[in-house]
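*Asks:* Take this structure, written in structure tokens, and hold onto it; I'll ask about it next.
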Amino acid sequence: MVISALHLLVSFVAIACGELSLDDNNIIGETVQERGIISPKTKQLSTNSTHITYHEMTNTSEYRANYTRGFQIPIKIYQKRLTKIQRKIKMFWATVAVILLLWMVLTIESDPFYALSALYLRPLRQKYSNDKEIMAFFLRNRSGGNSDPKVGNKLKRKLPGPKLSKRRTRLANEDIPSDDDDIFYDDVGKRVKNRSDEEEEEYEDVQETAYRKAKQLLDDIQAEEQNEENESYNNEMIAHRLRDDALSKVATLHRRVANDVRLSGTAVQYRAHRYSTVAVVISHDDRYVVSCSKDAKIVKYDLEEGKIIAFTKYNKGDNISHQGQIFSLAISAGDKYLASGGTDTIIRVWNFSNLEHVKNLSGHMNAVTGLAFRLNTQQLYSCSKDRTVKLWDLEQLGYIDTLFGHVDGVVGIDALSRERLVTAGSQDRTVRLWKVPEDSHLIFNGYSTCFSIDCVALINEDHFVSGSADGSLCVWSIFKKKPVCTQREAHGQGSDGQPRWIVSVAARRYTDLIASGSSDGFVRLWKVAEDYKSITNILSYEQVGFINHLKFSNDGEEVVCAVGQEHKYGRWWKIAGARNVIAVFSLTYDVAE
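Going left to right, the sequence shown walks through residues -18 to -1, 1 to 575 as mature numbering (1 follows the signal peptide of the UniProt record, and there is no 0) numbers them.
Right under this line is the structure:
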């Protein structure tokens, strides 16, 4: 029985371990012996007189039936008991493992899997401590040098510490900047200024800049007061000048000068063109005037000396001079460049001082009808009869962008200090305000009777004036789609009973004074009401011919006119007695500005 029990125990263990299958060839015969089928000594049947061998007996169907009935039931019972025991053992070890991991997390504060792997790898490291490859993996040389131990010295090993978290690792590796890094020393070892000190001294905020400029202006005023003994400056005048200077810097000061303007003396005329004069510009120092004409010539005048000092002429087939009528001129900031454009579709850039050719800017597909520089910059805007507006950078002498929107030729353009420009679209009966940074524009529609808007000029950043072919002079606000004020038949009617075209308009920037020109023989000056809802004719200067272009000087003391026998864009009429000249007439103001 003991032997049978041992065999059963071994069988149960083998079944539990998955090493014994219920195969007939592996079944022992003790259970058959207990049932009285065979004898353990002779291994023969004890119930029958006929003796057969053990092998013959096990191959019989009777033996197989008895074996199945006697052995199958005990195996199932013991398998269930063994399964319960295995489950309890597994639960025990699982509980131990969980407790161990929790202890590692709470006490070591590191990655538990790394700590668990360190416990398993520790005996391996001790066993292979002399192996250089394994040592290179497990050990770190703190000094950063060679990890091989020196001869005669015992290699020092340290138990693996807890792994740092990502945040602690990042903080540990982060370099803390020191002010000593920016310190410089001269040849004798003396400390000099560092970069941060220089940057702090160079930088100043907006308030400090305004304070410095105001202080400088006060110093200038005090110097003037000392030099001029006959004039006394009180605090009110100083404050007024400070305010005007600050507003003029940001281009928001709007002066009221129209009531004080007067004509002074007779006009000065310069005759240098064979055909009708089309456009004029004045230098920023108000000394020089440049004109262009249908004869493809550009002429520069010196107003102080009263003579022509430079000019360009037409050369057929030349890539430098214009090959057709010139319609527009513009001078860049600092009187550096002069730009011109005309029927040859090319914008030509000249050195303003001597009218030497600098570069050609091509891109328009039709006549260039207008040019304007953004104030105090080298950024150029151009418009053309190809219905486009283009942006150019004369610092780089290159192209920037093209603006689309007009559905007819663009014939007028103007710009101030902001990155905005206003254009007149002739027969599309619109004026458009382009916002360059936003890449958008506003559309202002003329009246239904206004079949063409031919000229435009900015009064300030929020208001502008336009002239149309129906004789209307309109004042606009950027906040309204329709004109704020309209002066119909501003230059009267012609001999045919039709209103005279408004050929040109100009505005003294940031004031209430504007001018208009037509073919009635007069240049008219207008006062814009304070609310911009009305305009009043205050002065008229007689000048026979088409006033093709008007320009105020920067100080407002001169008005320059481009006068021609014909309209600048055609030969619909020719005024007898008119001369193709540049007319300059002077203005004075009753109250000093």
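Ideal Cβ positions, reconstructed from N, Cα and C, are used throughout, including at glycine. As the structure is a prediction and not an experimental result, all values here were calculated from the model.
Within a Cβ cutoff of 7 Å, which residues of the same chain sit near P419, ignoring the five residues on either side of it in sequence?
*Replies:* Cβ within range, chain order: E401.
*Asks:* For the beta strand (DSSP E) holding D452, just list the boundary residues, first then last.
*Replies:* From DSSP, D452 is part of no beta strand (DSSP E); its letter is neither H nor E.
*Asks:* Check each candidate in Y193, I280, A312, Q378 and name the one with the smallest Cα separation from H304.
*Replies:* When only C-alpha atoms are compared, the closest one is I280.
*Asks:* Less than 8 Å between the C-beta atoms of T412 and G428, yes or no?
*Replies:* For T412 and G428, yes; Cβs fall inside 8 Å.
*Asks:* Measuring only the C-alpha atoms, how far is I81 from K62?
*Replies:* Cα to Cα, the separation comes out at about 29 Å.
*Asks:* According to DSSP, is A497 part of a helix, a strand, or is it coil?
*Replies:* Looking at A497 - three-state DSSP - the assignment turns out to be strand.
*Asks:* Could you tell me which uninterrupted beta strand (DSSP E) segments, each at least 3 residues in length, are contained entirely in the segment 511 to 565, listed from first to last along the chain?
*Replies:* As far as the segment 511 to 565 is concerned, its whole beta strand (DSSP E) runs of at least 3 residues are 517 to 524, 528 to 534, 540 to 546.
*Asks:* Please work out which residues of its chain come closer than 6 Å, Cβ to Cβ, to G559, disregarding the five sequence neighbours upstream and downstream, and give them in chain order.
*Replies:* Correct list, in chain order: V526.
*Asks:* For the beta strand (DSSP E) containing G316, name the first residue and the last one.
*Replies:* Premise fails: G316 is in no beta strand (DSSP E) and is neither H nor E.
*Asks:* Whose CA, out of N530, S522, R561, lies closest to the CA of S246?
*Replies:* Checking every option, the nearest Cα to that of S246 belongs to S522.
*Asks:* Who are H445's beta bridge partners in DSSP?
*Replies:* S459.
*Asks:* Identify which residue in K318, V350, L343 has its Cα closest to the Cα of N336.
*Replies:* Of the listed residues, the one whose Cα sits closest to N336 is K318.
*Asks:* Roughly how many angstroms separate the alpha carbons of C432 and K295, rounded to a whole number?
*Replies:* Between C432 and K295, the C-alpha separation is close to 38 Å.
*Asks:* Less than 8 Å separating the beta-carbons of L385 and V371?
*Replies:* Yes, Cβ-Cβ distance for L385 and V371 is below 8 Å.
*Asks:* Report the CB separation of K550 from V260 in whole angstroms; it is logged as a contact under 8 Å.
*Replies:* Their Cβ separation, rounded to whole angstroms, is 5 Å, which keeps K550 and V260 in contact under 8 Å.
*Asks:* If you count every other CB in all the chains shown that lies within 10 Å of the CB of H425, and 16 or more means buried, which is it?
*Replies:* In the sequence as displayed, the identity of residue 425 is Ile instead of His. When all chains shown are included, I425 counts as exposed.
*Asks:* Can you confirm whether the segment 504 to 521 touches the segment 450 to 460 when touching is taken to mean that 3 or more C-beta pairs between the two stretches lie within less than 8 Å?
*Replies:* Because the criterion of three Cβ pairs below 8 Å is met, the segment 450 to 460 and the segment 504 to 521 touch.
*Asks:* In chain order, which alpha helix (DSSP H) runs of at least 4 residues are fully inside the segment 370 to 394?
*Replies:* None, since the segment 370 to 394 contains no complete alpha helix (DSSP H) of that length.
*Asks:* Measure the alpha-carbon distance for A321 versus T327 and round it to whole angstroms.
*Replies:* So the two alpha carbons sit approximately 13 Å from each other.
*Asks:* Let me check understanding here. Comparing Cα to Cα, which of F74, V243, L200 lies closest to T493?
*Replies:* Closest by alpha carbon: V243.
*Asks:* Closest by CA to Y381, which one among L362, V389, R253?
*Replies:* Taking only the C-alpha atoms, the option nearest Y381 is L362.
*Asks:* Beta-carbon separation of G310 and G345 under 8 Å?
*Replies:* The residue asked about is misnamed: residue 310 is Ser in this sequence, not Gly. No. Outside cutoff.
*Asks:* Within the same chain, show all residues whose beta-carbon is closer than 7 Å to that of E524, passing over the 5 residues directly before and after it, in chain order.
*Replies:* For E524, where only same-chain residues beyond five positions count, the Cβ hits under 7 Å are G503, F504.
*Asks:* Please state whether DSSP places R63 in a helix, a strand or coil.
*Replies:* DSSP places R63 in helix when its eight states are reduced to three.
*Asks:* Unbroken beta strand (DSSP E) runs of length 3 or more, entirely within the segment 235 to 318: which are they?
*Replies:* Listed in chain order, the complete beta strand (DSSP E) runs (minimum 3 residues) inside the segment 235 to 318 are 243 to 252, 259 to 264, 270 to 275, 280 to 284, 289 to 294, 308 to 313.
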